[in-house]
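These notes are about the structure you will find just below.
In the UniProt record's numbering, the protein residues as written are 1 to 164.
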């Protein structure tokens, strides 16, 4: 039997607190169904802004978002009293941005990256699942999605290599 989902704080509390606001993906993590997917979807418009940057700047922003996410997600989780609350989706933002590094232009590629990232994030192949279960705090929250993003990046680049 699956464990009960943790109680999500009132939306007003999340949206007024800058740490929770960012950790909850600008509110996308408040989705009552599939908050991880909602968070990944909310990361797409920000990706569209970031993709205009030179590659070095895109990588720098993504790396800084990942490092900041360790503190951000960890602090939000600690304050909520739940290790990895499903509404904390900043890790999904970063995971998708990793997936879409140097993605070929066009919506079909963004959609393919979205699907690959969600698959790896949900299925958690080794060692993603192991890390998810054994690494705590903000690092644990971020690490499995960073690795899922790297797996999806590899899959997306392989797909581009085959098709282009």
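Even glycine gets a Cβ: it sits at the ideal position worked out from N, Cα and C.
Pairwise C-alpha distance: residue j and residue i
i: residue 140; j: residue 104; result: 30 Å
i: residue 23; j: residue 85; result: 10 Å
i: residue 154; j: residue 98; result: 10 Å
i: residue 59; j: residue 101; result: 8 Å
i: residue 162; j: residue 156; result: 10 Å
i: residue 75; j: residue 107; result: 34 Å
i: residue 50; j: residue 80; result: 30 Å
i: residue 16; j: residue 26; result: 10 Å
i: residue 1; j: residue 35; result: Bear in mind that the predicted position of residue 1 carries a pLDDT of just 37, short of 50, making it too unreliable to give a figure here.
i: residue 44; j: residue 70; result: 21 Å
i: residue 112; j: residue 19; result: 30 Å
i: residue 57; j: residue 160; result: 23 Å
i: residue 32; j: residue 78; result: 21 Å
i: residue 134; j: residue 83; result: 12 Å
i: residue 147; j: residue 68; result: 16 Å
i: residue 11; j: residue 52; result: 32 Å
i: residue 14; j: residue 8; result: 9 Å
i: residue 114; j: residue 125; result: 17 Å
Endpoints, the alpha helix (DSSP H) within which residue i is located
i: residue 137; result: 137-163
i: residue 116; result: 107-123
i: residue 8; result: Unbroken run through residue 8: none, as it is neither H nor E.
i: residue 93; result: 90-99
i: residue 19; result: 18-23
i: residue 61; result: 55-80
i: residue 42; result: 35-50
i: residue 134; result: 128-134
Rounded distance between the beta-carbons of residue j and residue i, thought under 8 Å
i: residue 144; j: residue 123; result: The pair is not a contact, with the Cβ atoms about 11 Å apart (cut-off 8 Å).
i: residue 120; j: residue 128; result: 7 Å
i: residue 158; j: residue 116; result: The Cβ separation is near 10 Å, so there is no contact.
C-beta contact flag for residue i and residue j at 8 Å
i: residue 65; j: residue 89; result: no
i: residue 92; j: residue 136; result: no
i: residue 138; j: residue 73; result: yes
i: residue 166; j: residue 41; result: What is shown of the chain runs 1 to 164, which leaves residue 166 out entirely.
i: residue 62; j: residue 118; result: no
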